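Trainee: Take a look at this one; I'll ask things after.
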Amino acid sequence: MTAELLVNVTPSETRVAYIDGGILQEIHVEREAKRGIAGNIYKGRVSRVLPGMQAAFVDIGLEKAAFLHASDIMPHTECVARDEQKNFNVRDIVELVHQGQDLMVQVVKDPLGTKGARLTTDITLPSRYLVFMPDASHVGVSQRIESEVERERLKRIVSAYCDEQGGYIIRTAAEGVREEELSQDAAYLKRLWTKVMERKRRNVTKCKLYGELALAHRILRDFAGQALDRIRVDSRLTYELLVEFTSEYMPEMTEKLEHYNGRQPIFDLYDVENEIQRALERKVELKSGGYLIIDQTEAMTTIDINTGAFVGHRNLEETIFNTNTEATQAIARQLRLRNLGGIIIIDFIDMANEDHRRRVLHSLEQALSKDRVKTGIHGFSALGLVEMTRKRTRESVEHVLCSDCPTCHGRGTVKTVETVCYEILREIVRVHHAYDADRFLVYASVAVGDALKSEESHALAEVEIFVGKQVKVQIEPLYSQEQFDVVMM
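Using full-length UniProt numbering, read the sequence shown as starting at 1 and increasing by one per residue.
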C-alpha cells in the first residue's frame, strides 16, 4: 500500500492531505489570515497575576491575553525519570511572576474559541531528528524507539552536543540515523537559538522572536522518518520552496517531491473533498451497517456506537462484538481526520463478555498506535464507557472550517413550529396587557405563518376573543423559524 502527501495551495489557504492505502487519513488546513501560532516564541509582559487560579495572563501582542499556569513555569521534565520528577515542585504563582514582568514564552496551544493561547516558559525548538531544550543538561529519547541498543547509541552521540546552551530530546525519526545527520541537526538548532536570543536582546516587549514553519514545511518535517512514497504539490512556487527546504534539512525526501500540474484538481485524485465534507457530519457509517455518532463539545468529544442495520450472523453478543471491533478502526481514523483532541468518551455497545471487552480495548489500542499524536486510553469506566485522551495543540477541522449556525446559534436544534406559535400567542397577550392597541400584526416565517393560519388557527381565534382585538398574520420569507415580531396597529 502506498502512502503519500497531497499539498493543495491557494493564495489564501494551504491544505495538506495524508493518504495511506488510497484512503484519506489526515487533513491539515492553514489559512494565511489565521495562521496557527503554536510553537511560536514571544517576548511578552505579565498583565495580570491570578493567585486563585495559580496562573497569569501575558500580553504577547495578540487580540487576547495568553494564559500561563504555574505548572508551565517549570524546567524540562518530559525526559526525566519519574522518581526525579518528584523533586520538581510547582511553586506559588506569586513567587514566580509579577505584574509588569517581561517573560520569554512559547505557545503550546493555539487560541481555541473564547480562550486565549496557552503558554509555557519551557522553551523547545524542534528540527527533523532532535528537539533543543535551552538551559537543560540532559538527553531524552522518544519512547517509541524501543530498541535499548539503539537508544543507548543515539544517547551517546547526542550527549556530545550538550553544553551550557542546552540539551536535546531525540525524536522517533532519529532511529537508525547516522551521526553526521544528528550533528547537522544539533548545529542548526544552536544557530536558531542564537538568533532567538539576539532578537530577544534587540527587541522591545510584545514581539515575536521565532515563528513556527509554514504548514507544508512543518508537515514534511513531522513526517520525516514515515514511509512516504511521494509528495505531490500543485503550486510551482511552494514546490520550489519545499525542494530548497528538504535539500538542506532532509535530502532523502527531495526525490519524493513532485510538482503536480494535472488538469484534475489534486484533491480529486482520492475524493478528498467529499471525505472532508463527511468529516464534518455527526454520523459515520460503518461497512457492516452500524454507525458512529460523534459530538464535539467545549469540554469533551463523545462517540456513540450503534448496530444500526447490522443484524449479524450468529447471536446478539457476536453482533455487538463485531460492531464494536469494526468501530475501533473507524474511531482511530476519525480522531486523526477530524483532529479531535482533549477528553474523548466512547460509548461502545454494552458487552457482557469480559473477554470481548478486553479484545475491543486491545483493538482500539492497536488502531491508535498509528496516530502520530500522543494518545492515552484509560479503559472502561464503572459506567461501561471508555475514557481516553488525545493531545490537542491545534483546532479541530470543524472549528477551522465551520462557525455556529446563525439560526440555532450552535445549539444544534431549533424550536418546533408549534413552540414558536405558542410563544407568539403568549406575546400577543403580554403586549395587550402592557399597551393599548387597536389590533395586532404578526410577522412570522413561512412554516410558522402557515401553521397559525391552519392547524393553530383555533388557538389564534381563542386569543383574539380573549384580547378582544383582531390579529393578522403576515408571512416573512426571510425570517428563520424562531424569528417573529408582534406589532401593534
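All C-beta atoms, glycine included, are put in the ideal place defined by N, C-alpha and C.
All values derive from a computational prediction rather than experimental measurement.
Taking the DSSP output, what are the residues bridged to residue 375?
Mentor: 390, per the DSSP bridge assignment.
Trainee: Considering only residues of the same chain and omitting the five flanking positions on each side of residue 339, which have a CB-CB separation below 6 Å?
Mentor: Closer than 6 Å at Cβ, skipping near neighbours: 396 and 397.
Trainee: Are residue 286 and residue 330 touching if we call contact CB-CB under 8 Å?
Mentor: Closer than 8 Å, so yes.
Trainee: Pick out whichever of 8, 466 and 4 has its Cα sitting closest to the Cα of residue 236.
Mentor: Among 8, 466 and 4, the Cα nearest to that of residue 236 belongs to 8.
Trainee: For the segment 268-275 against the segment 244-254, do three or more pairs of beta-carbon atoms, one drawn from each stretch, fall closer than 8 Å, so that the two count as touching?
Mentor: Verdict: no, contact absent.
Trainee: Return the CA-CA distance between residue 79 and residue 102, expressed in angstroms with no decimal places.
Mentor: Note on residue 79: pLDDT 49, under 50, position unreliable in the model; no value is reported.
Trainee: Would you tell me roughly how many angstroms separate the C-alpha atoms of residue 66 and residue 16, rounded to the nearest one?
Mentor: So the alpha carbons of these two residues sit roughly 28 Å apart.
Trainee: Alpha carbon to alpha carbon, how far is residue 91 from residue 291?
Mentor: Roughly 48 Å between the two C-alpha positions.
Trainee: For residue 219, I'd like the list of residues in its chain whose CB is within less than 7 Å of its CB, leaving aside the five on either flank, ordered along the chain.
Mentor: Within the same chain, residue 219 has close Cβ partners 5, 16 and 28.
Trainee: Please classify residue 94 as buried or exposed, where buried requires at least 16 neighbouring CB atoms within 10 angstroms.
Mentor: Per the 10 Å Cβ criterion, exposed.
Trainee: Between residue 112 and residue 211, what straight-line distance do the alpha-carbon atoms span, to the nearest angstrom?
Mentor: About 19 Å.
Trainee: As a quick exercise: from 43, 280, 62 and 460, pick the residue whose alpha carbon is nearest that of residue 399.
Mentor: Comparing Cα-Cα distances from residue 399 to each of 43, 280, 62 and 460, the minimum goes to 280.
Trainee: Relative to the alpha-carbon of residue 442, which residue among 194, 463, 484 and 409 has its alpha-carbon at the smallest distance?
Mentor: That would be 484, whose Cα lies nearest to the Cα of residue 442.
Trainee: Closest to residue 392 by C-alpha separation, out of 404, 376, 385 and 381, would be which residue?
Mentor: With distances taken between Cα atoms, residue 392 lies closest to 376.
Trainee: Since residue 60 and residue 131 should fall inside the 8 Å C-beta cutoff, what is the C-beta to C-beta distance between them, to a whole number of angstroms?
Mentor: About 22 Å; that fails the 8 Å criterion.
Trainee: Return helix, strand or coil for residue 439, following the three-state DSSP convention.
Mentor: Here residue 439 sits in strand by DSSP.
Trainee: Report the rounded CA-to-CA distance for residue 81 versus residue 368, giving the unit in angstroms.
Mentor: Any reading at residue 81 needs caution, since the residue's pLDDT is 48, under 50, leaving its predicted position unreliable; the model's value is listed next. Distance between the alpha carbons of residue 81 and residue 368 is about 25 Å.
Trainee: Exposed or buried, what is residue 421 when buried is set at 16 or more other beta-carbons lying within 10 Å of its beta-carbon?
Mentor: Buried, by the Cβ-count rule.
Trainee: Alpha carbon to alpha carbon, what distance is there between residue 404 and residue 486?
Mentor: Cα to Cα, the separation comes out at about 27 Å.
Trainee: Which value, in whole angstroms, describes the spacing of the CA atoms of residue 454 and residue 473?
Mentor: Using only the alpha carbons, I get a separation of about 11 Å.
Trainee: Please state the DSSP three-state secondary structure of residue 280.
Mentor: DSSP places residue 280 in coil when its eight states are reduced to three.
Trainee: Over the uninterrupted alpha helix (DSSP H) stretch that includes residue 66, give me the two end residues.
Mentor: Careful: residue 66 lies outside any alpha helix (DSSP H), inside the beta strand (DSSP E) at 66-69.
Trainee: Between the Cα of residue 229 and those of 426, 21, 482 and 439, spot the shortest distance and give me the residue it belongs to.
Mentor: When only C-alpha atoms are compared, the closest one is 21.
Trainee: With distances taken from CA atoms, which of 479, 428, 354 and 239 is nearest residue 470?
Mentor: Measuring from the Cα of residue 470, the nearest candidate turns out to be 428.
Trainee: According to DSSP, which residues form a beta bridge with residue 56?
Mentor: Residue 56 is bridged to 49 and 68.
Trainee: The beta strand (DSSP E) that contains residue 257, what's its start and end?
Mentor: Segment 257-259, the beta strand (DSSP E) holding residue 257.
Trainee: Let me confirm a value: residue 84 is counted as buried when at least 16 other C-beta atoms fall within 10 Å, else exposed. Which label applies?
Mentor: Annotation note: pLDDT 49 at residue 84 (below 50); position unreliable, coordinate value reported separately. Under this definition residue 84 is an exposed residue.
Trainee: For the candidate residues 35, 3, 43 and 355, whose alpha-carbon lies nearest to that of residue 24?
Mentor: Selected option, being the one with the closest Cα: 3.
Trainee: In the structure shown, what three-state DSSP assignment does residue 300 receive?
Mentor: Strand, per DSSP.
Trainee: Is residue 194 buried or exposed, if buried means 16 or more other CB atoms sit within 10 Å of its CB?
Mentor: Looking at its Cβ environment, which holds fewer than 16 other Cβ atoms inside 10 Å, residue 194 is exposed.
Trainee: What residues match up with residue 106 in a beta bridge as DSSP calls it?
Mentor: DSSP, once it has assigned bridges, lists 41 and 120 as partnering residue 106.
Trainee: Am I right that residue 345 and residue 300 are in contact with their C-beta atoms under 8 Å? What's the rounded C-beta distance?
Mentor: Rounded, the Cβ-Cβ distance is 6 Å, consistent with contact.
Trainee: With H, G and I counted as helix, E and B as strand and the rest as coil, what does DSSP make of residue 315?
Mentor: Residue state, collapsed to three classes: coil.
Trainee: Can you tell which of 146, 418, 170 and 114 has the C-alpha that lies nearest to the C-alpha of residue 138?
Mentor: Of 146, 418, 170 and 114, the residue nearest in Cα terms is 170.
Trainee: Taking just the CA atoms, how far does residue 110 sit from residue 118?
Mentor: Distance between the alpha carbons of residue 118 and residue 110 is about 7 Å.
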